[in-house]
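Numbering (this note's numbering), first residue to last: 1 to 947.
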């Protein structure tokens, strides 16, 4: 939990972007797989963010058990992997090789899995939805391809139809750091280009206390090979060289070299300098007999003997058990040697730098039980014990350790130390200098054995690759940073004490003028000083202060409301003129002349009692007052019935501006913002995600000068009851029935509508009448549609089918209004106008009932029964009203369905006047369809199915 609370605003942007995808994926398996590359310089918190993302994604997907009772609670939905064992341990993951059974020597699938082993992987990973891959800059291109192939095998999806088996991928790394040794990077493969979007973290958390050092690292990170280093940076590095000559570093500080030969020389010098009673260890054969290097038959293939002693710094060189932290690259120091009955060393006991490593090992090991140590025995050449087989036992064995006072720069990637000593003379690749320098937190901890500034350069291809990638779409906060706007944040926080740090550090909090909270769960107002936010004043009211002594909820835990307001904001608290059993705080903003009421209704409280108390409270205010009621009233706005609170407040002229938006993790709409005035700005509300509560936060931006009070506001709900329309203008439909492109298509108008209808309603003219009659008459006799195929394979889902056309779906709320919501999204990039569209289509059918009544069938006896049923909110659309919608909009509606050619519903004579939606017949659900740039696609006449 502290990890999540300490994210900076950059990390939070990525966190909530991924969180939103996970929530969509939980409820809709056809959501486009996430492909995100998180990059950034060393120290920008990439690993920290990875852990936060994994925690949250795992928590979200664990809800699947509640949604589907038959779900196996042990199924793997998320997985962290990394190329090296040390990197995997650092982020709590496993190596790519062990996760997917990929051979370590060739990084390929030449070692095909047996049927039994493949079935084992399928049982374990068939529910995998999101895969994290850390330190991707070190991954070779062929390993990346092998991972794709293995995932497609496990998921049972043909590799030509979907990459990585349709599993979401989050890749983390920095291509400006070390690249793979003797191999090409993954960004050169087809499995990278055009598939991943990226986001770059720029806030340096590791060197944030040393700004000048951080800025130097950023410059060196992108310095070109023939580019001169700035004098400022040269001077800083020269100073590090001079401090090395003065030996200001700790004698056992980590030394970094480019090559293993230099590493070995330094380690041999250090063990002789630091340790006594040095022991030499030769390879042993399968009979545990030492193989002497002087024996001629072994000279060419045995390893150099190892030298160890107590207190020697060592590194594990093989992945013994990555899940327990015993991985290649983990460091520690030798505590003791354990000898067998023959006097030979059988175990070397080490104390790792991290006490978390080896917890499982210590449970069963007699040498380490009850101690903070681990022990290693001689291993064969097998890299990972998961791949250990009988044939490998025939080879030589040695302790999987090496001295670690020094290590290569490649091996050090991903670690952070207080002091480091670096040799620059043998840097042989791009990014090595930057990787080495950035291992240390401060410039005071950096020492240079030598200085060769020409060896510091980056891979210039990285700039080109990133410039070709699509950037992650950042969500724009609708708060207006202008004196005339009032920015309000409302949240059911579900415990201010437990969630205070998360609230205070949320990237939206400090941008709000008012922070309104419910369910603070606080009873003692004397403790309010513990919840101080700089720049804000806090008002709090506990449940016990709001309810009478005999109220049944007074003694129950929970409840409580609070408001934070800026210190410089003049406010006046308002008490009710009579005692109310209502959990609320009311205040008036003196400057803005707006009354704010923050209230909460417990699910145990009757709605009737709550609304009666709230209305009694409202009666004390003048009808011309601008009033905003914020609260969790535990009434789901998505329900079709039992919305007594909404109905009662509507009669008083209040409208819930969030009634169409999901405000909880369960995609219900329980949180409300009721206004009795119309905000002048069109987009004035937004749901803001949070990780620490079941409820999301509501952000509201109000123009405090222009917004005016309406005693009665006609809402979209009224369109079902009041069918008055303005029919002063007509739809212009060409008399020529041949499909063609229009000479000019105006941009879709997204301005606020002055009429009560979205479009003018007219009678059926000759051209549109013919078009409609032909469509409706031929609908039931439409020729059988063949499976849609491209190339020599068939698509396995609608998502794949659309991707083949470079299209994607946009998730639409499934509440019976989905067709009109999808059309609204096509026209205006918002689902908000679905009720007006329904109303206009119904009015069109009403005025032209004679043309439609012949086609009424099923549960409706007459066209009037059909109209009365279809005009009701939450009623699923059918072919009649879809045809009417196409006609009134003068647009051709293209319906995409899995396995079928896109169906054209004619509404215009111009072929390029198109709206695209997707239909799922199994749940009768429509979604909006756009291309990957967010534009409405245009398909040719030949690609469409006609009736």
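We treat Cβ as the ideally placed atom computed from N, Cα and C, and that holds for glycine.
- Within its own chain, the residues whose Cβ lies closer than 7 angstroms to the Cβ of residue 124, once the five positions on either side in sequence are excluded, are 76, listed in chain order.
- Residue 375 has 349 as its beta-bridge partners, per DSSP.
- Shown here, residue 250 sits in coil according to DSSP, grouped into three states, outside any helix or strand.
- Non-local beta-carbon contacts of residue 644 in its own chain, meaning distances under 8 angstroms to residues more than five positions away in sequence, involve 607, 608, 611, 635 in chain order.
- Counting along the chain, the unbroken beta strand (DSSP E) around residue 672 starts and ends at 671-675.
- Annotated three-state conformation of residue 419 is coil, per DSSP.
- For residue 527, the secondary structure class from DSSP, reduced to helix, strand or coil, is helix.
- In this structure, residue 78 lies away from residue 95, with their beta-carbon atoms at least 8 angstroms apart.
- The beta carbon of residue 276 lies closer than 7 angstroms to those of 309 in the same chain, with the five residues before and after it left out.
- Bounds of any beta strand (DSSP E) do not take in residue 364; it lies within the alpha helix (DSSP H) bounded by 359-364.
- Here residue 508 carries a coil assignment [DSSP, helix/strand/coil].
- Minimum Cα-Cα distance from residue 836 among the listed residues 820, 851, 848 corresponds to 820.
- In the three-state DSSP reduction, residue 324 falls in the helix class (H, G or I).
- Rounded to whole angstroms, the Cβ separation of residue 831 and residue 842 is 18 angstroms, and the two are not in contact under 8 angstroms.
- Sequence-distant Cβ neighbours of residue 167 in its own chain, meaning closer than 6 angstroms and more than five residues away, are 128, 131, 151.
- The DSSP-derived three-state label of residue 584 is strand.
- Taking the Cα positions, residue 13 is about 23 angstroms away from residue 90.
- Going by DSSP, residue 685 is part of the beta strand (DSSP E) stretching over 685-688.
- Excluding residues up to 5 positions away in sequence, 597, 674 lie with their Cβ nearer than 6 angstroms to the Cβ of residue 629 in the same chain.
- Nearest to residue 133 by C-alpha distance, out of 799, 118, 92, 271, is 92.
- Cβ atoms of residue 191 and residue 158 stay farther apart than 8 angstroms, at about 15 angstroms.
- When the five nearest sequence neighbours on each side are left out, the beta carbons in the same chain lying within less than 6 angstroms of the beta carbon of residue 465 are those of 187, in order along the chain.
- The DSSP assignment places 420-422, 446-448 as complete runs of the beta strand (DSSP E) inside the region 410-461, in order along the chain (cut-off: 3 residues).
- Within the same chain, 41, 176, 434, 458 come within 7 angstroms of residue 221 by CB-CB distance, once the 5 residues on both sides are set aside.
- The region 179-242 contains, as complete alpha helix (DSSP H) runs of 4+ residues, the segments 211-221 (chain order).
- Per DSSP, the continuous beta strand (DSSP E) segment holding residue 930 begins and ends at 925-931.
- Rounded to the nearest angstrom, the gap between the Cα atoms of residue 210 and residue 371 is 38 angstroms.
- The Cβ atoms of residue 349 and residue 307 lie no closer than 8 angstroms to each other.
- Minimum Cα-Cα distance from residue 345 among the listed residues 284, 563, 51 corresponds to 284.
- Between the alpha carbons of residue 1 and residue 57 lies a distance of about 14 angstroms.
- Under a 10 Å Cβ-count criterion, residue 685 is classified as buried, with 16 or more other Cβ atoms of the shown protein chains found around its own Cβ.
- Of the residues 895, 927, 543, the one whose Cα lies closest to the Cα of residue 914 is 895.
- Residue 112 counts as exposed, since fewer than 16 other beta carbons sit within 10 angstroms of its beta carbon.
- Uninterrupted beta strand (DSSP E) stretches at least 3 residues long and entirely within the region 616-682 occur at 626-632, 671-675, given in chain order.
- Counting only runs of at least 4 residues, the region 126-178 fully encloses the following alpha helix (DSSP H) elements, listed from N- to C-terminal order: 141-155.
- Under DSSP, the beta-bridge partners assigned to residue 95 are 82.
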